[in-house]
Amino acid sequence: MFVLKSLEWKDVPKVMTKAAMVSSVVLLLVGAAMAFKTVVSLSHAPEYLAEFVLGLTDNPYILLFLINILLFVVGMFLDAGPAIIILGPILGPVFVELGVHPVHFAIIMSVNLTVGLATPPMGLVLFVASSVSGERVETISKAILPFLAVEAIVIFLITYFPSISMTIPLLTGFAK
22 MFVLKSLEWK DVPKVMTKAA MVSSVVLLLV GAAMAFKTVV SLSHAPEYLA EFVLGLTDNP
82 YILLFLINIL LFVVGMFLDA GPAIIILGPI LGPVFVELGV HPVHFAIIMS VNLTVGLATP
142 PMGLVLFVAS SVSGERVETI SKAILPFLAV EAIVIFLITY FPSISMTIPL LTGFAK
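Note that the working numbering numbers the sequence shown so that position 73 is 94, with each residue one more than the last.
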């Protein structure tokens, strides 16, 4: 309009309406995630899940795998911020007990929850992408599957080979 001169004044109401529609969908999803966070935290479900997972096996590698699955699934239904606030204090001591550095735990948790956000069928990012692009969620879900396979490999690598994700924190003195 001012710089590129590609928008005329008569198009402004239509553009503003479309922006309002897209924003309303995104804010509705954020509101639903916050309501879900409240229900989950009030029901004490994270504590029960942690007890359940820890009771399954004594093998730390299997526990890391199970906790990765848990974080991945939680990421599909809950935004990363609320999930970290709810699960971080519960799973942090579990990871430390397994011998995982707290910074490494934070990296594992962040990556898992972020990948979960883009995972079908309920990943919140899929609905945002659908709203912005105008494509159906099913179409976006099919297109993202190869990327999810690569991301699953990355999660495996950073979980079981901590030197990959801990090199920079160790070199900068952030982790000891």
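All C-beta atoms, glycine included, are put in the ideal place defined by N, C-alpha and C. Just so it is clear, the structure is predicted and the values come from calculations on it, not from any experiment.
Please go through the same chain and pick out, in chain order, the residues whose beta-carbon is closer than 6 Å to the beta-carbon of residue i, but skip the five residues on each side of it.
{"i": "Pro160", "result": "Going by the sequence as given, residue 160 is Thr instead of Pro. Excluding residues within five positions, none has a Cβ falling inside 6 Å."}
{"i": "Pro141", "result": "Ser162"}
Go ahead and pull the three-state DSSP assignment for residue i.
{"i": "Glu156", "result": "coil"}
{"i": "His125", "result": "helix"}
{"i": "Leu28", "result": "coil"}
{"i": "Thr193", "result": "coil"}
{"i": "Pro21", "result": "Absent from the structure is residue 21, since the part of the chain shown begins at 22 and ends at 197."}
{"i": "Pro167", "result": "helix"}
Would residue i and residue j be called neighbours here (beta carbons separated by less than 8 Å)?
{"i": "Ala54", "j": "Leu145", "result": "yes"}
{"i": "Asn132", "j": "Ile179", "result": "The residue you asked about is not Asn; residue 132 is Val in the sequence shown. Yes, they are a contact pair."}
{"i": "Leu112", "j": "Ile90", "result": "no"}
{"i": "Leu92", "j": "Met130", "result": "yes"}
{"i": "Asn43", "j": "Val158", "result": "One point to set straight first is that residue 43 is Val, not Asn, in the sequence displayed. Not closer than 8 Å, so no."}
{"i": "Pro81", "j": "Leu119", "result": "yes"}
Given residue i, which residues of its chain have a CB within under 8 Å of its CB, disregarding the five upstream and five downstream residues?
{"i": "His122", "result": "Pro183, Met187 and Ala196"}
{"i": "Leu169", "result": "Val136, Ala139 and Thr140"}
{"i": "Leu75", "result": "Leu84 and Val115"}
{"i": "Leu191", "result": "Lys197"}
Spatial neighbours of residue i within its chain, please: C-beta separation below 7 Å, excluding the five flanking residues on both sides.
{"i": "Ile107", "result": "Lys58, Val61, Ser62 and Pro67"}
{"i": "Leu70", "result": "Leu91"}
Unbroken stretches of the alpha helix (DSSP H), 4 residues or longer, contained in the segment 34-86: 66-75
At least 3 beta-carbon pairs within less than 8 Å: the segment 129-143 vs the segment 97-108: yes
Stretch-stretch touch, CB-based, cutoff 8 Å, three pairs: the segment 147-162 with the segment 101-114: no
Length-filtered (4 minimum) alpha helix (DSSP H) runs lying within the segment 80-119: 81-98 and 101-118
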